[in-house]
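Under the UniProt record's numbering, think of the first position of the sequence shown as 1, with each following residue one higher. For each residue, glycine too, the CB sits at the ideal point set by N, CA and C. Below: one structure, written as structure tokens.
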Amino acid sequence: MRGRPNLALLTGGTLVGLVVLAAAVSFFWTPHDPTLVDAARKLREPGGGYLLGADKFGRDTFSQLMVGARTTLYVGVVAVGIAAVVGTPLGVIAGMTPRGWLSELIMRVNDLVFAFPALLLAVMLGAVYGPGTLTAMIAIGVATVPAFARVARAATLQVMVTDYILAARAAGRRRPAIAVRHVLPNIGSVLIVQASVSFAIAILAEAALSFLGFGTRPPIPSWGRMLQESQELLFSTPRLALWPGLAIALAVLGFNLLGDGLRDHLDPKLRRIRADG
């Protein structure tokens, strides 16, 4: 019996696909130069070659949204990559040695890092190295490490009590070999879901940092900075805040739905429940 279609996966995949498509197309084409300042086009209304109008500097809003999608995905990919590369091995090590001092040390340091939000880390890094895209990526990545470590540890603890792990240990396999050949392949689906959810969090964090001036610097377009630049015209020209805010909301919704859909699709128990229902 065929199960019902996974609407969360389809909807999330579609929204994420639109963001990726806009970012990919922006490498080769945009309606106008998103960084070109033209006082003659200041606050131009939509129409006449300007699909969403122009901002207070005369820059095309639609072109800025396209390039802003590229910036958002770039920051998200690097930040989530940092978190996964650092957090996953730490979580696996802690899960494979649940009663050892090393596991306790890893999790206590993990809790310490978890207490520092991305914004605070960005402020600290910005004070030392200056604000920018790199600062935002590192801050978001470091702040997301604890989430990957916790998820990897919990999944590893479940895998370590399975029969094939016990057989591998009885055969004399060393822990690194068990981790690479048995643990990581079996927790991969959980990490994929966590990456999707973390990507949504990274989008919000990047937008917030850019809004506050600690993220992507001008003239590179950023959805968060578009919101910051539109706040003084919020009541007279609300469309300037509407479009970047809508883009952020849809991107975050897309990655959250994608994570939920992937969880349902990759978890055999949830697949069985959906099929029976």
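Check: Meets three-Cβ-pair contact criterion under 8 angstroms: the segment 125–142 and the segment 74–91; Outcome: yes
Check: Simplified DSSP assignment, three categories, for Ala115; Outcome: coil
Check: Cross-strand partners of Asp60 (DSSP beta bridge); Outcome: Ala54
Check: Burial state of Leu15 (16 or more Cβ within 10 Å); Outcome: buried
Check: Residue 300 (DSSP reduced to helix, strand or coil); Outcome: Not covered by the structure: residue 300. The range shown for the chain is 1 to 277.
Check: Pairwise C-alpha distance: Gly224 and Gly215; Outcome: 8 angstroms
Check: Gly100 - containing alpha helix (DSSP H), residue span; Outcome: First-last for Gly100: undefined, no H or E at that position.
Check: Whole-number beta carbon distance between Leu240 and Leu233, since they are thought to touch under 8 angstroms; Outcome: 6 angstroms
Check: Contiguous alpha helix (DSSP H) assignments of at least 4 residues, all confined to the segment 203–236; Outcome: 223–230
Check: Contact under 8 angstroms by Cβ, Val92 with Leu184; Outcome: yes
Check: Pro238 to Gly95 span [Cα, whole Å]; Outcome: 50 angstroms
Check: Collapsed DSSP secondary structure at Leu270 in the structure displayed; Outcome: Residue confidence is low: Leu270 scores 49 on pLDDT, short of 50, so the model does not pin down where it sits. Its coordinate-derived value is still stated next. If DSSP states are grouped into helix, strand and coil, Leu270 belongs with the helices.
Check: Val148: first and last residue of the uninterrupted alpha helix (DSSP H) it sits in; Outcome: Reading off the sequence, residue 148 comes out as Phe, not Val. Per DSSP, Phe148 belongs to the alpha helix (DSSP H) from 133–159.
Check: Val37 - DSSP class collapsed to helix/strand/coil; Outcome: coil
Check: Ala275 in three-state terms, based on DSSP; Outcome: Here the model assigns Ala275 a pLDDT of 49, short of 50, so the residue's position is not dependable, and the following value carries that caveat. The answer is helix: DSSP assigns Ala275 an H, G or I state.
Check: Meets three-Cβ-pair contact criterion under 8 angstroms: the segment 152–172 and the segment 51–63; Outcome: no
Check: Alpha carbon of His265 to alpha carbon of Ile165, nearest angstrom; Outcome: 25 angstroms
Check: Alpha-carbon spacing of Asp276 relative to Val193, whole angstroms; Outcome: In this prediction, Asp276 scores a pLDDT of 48, lower than 50, which makes its location untrustworthy; no coordinate-derived value is stated.
Check: Straight-line gap, Ser103 to Leu90 (C-alpha atoms, nearest Å); Outcome: 9 angstroms
Check: Own chain, CB closer than 7 angstroms to Leu253, minus 5 neighbours either side, in chain order; Outcome: Leu15
Check: C-alpha gap between Phe199 and Phe235, whole angstroms; Outcome: 31 angstroms
Check: For Gly172, the first and last residue of its enclosing alpha helix (DSSP H); Outcome: From DSSP, Gly172 is part of no alpha helix (DSSP H); its letter is neither H nor E.
Check: Three CB pairs or more closer than 8 angstroms across the segment 108–124 and the segment 205–222; Outcome: yes
Check: Trp243 in three-state terms, based on DSSP; Outcome: helix
Check: Cβ contact check for the segment 40–50 and the segment 162–179: 3 or more pairs under 8 angstroms; Outcome: no
Check: Distance between beta carbons of Gly141 and Val78, contact taken as under 8 angstroms; Outcome: 7 angstroms
Check: Residue from Met160, Ala40, Gly188 with nearest C-alpha to Arg175; Outcome: Met160
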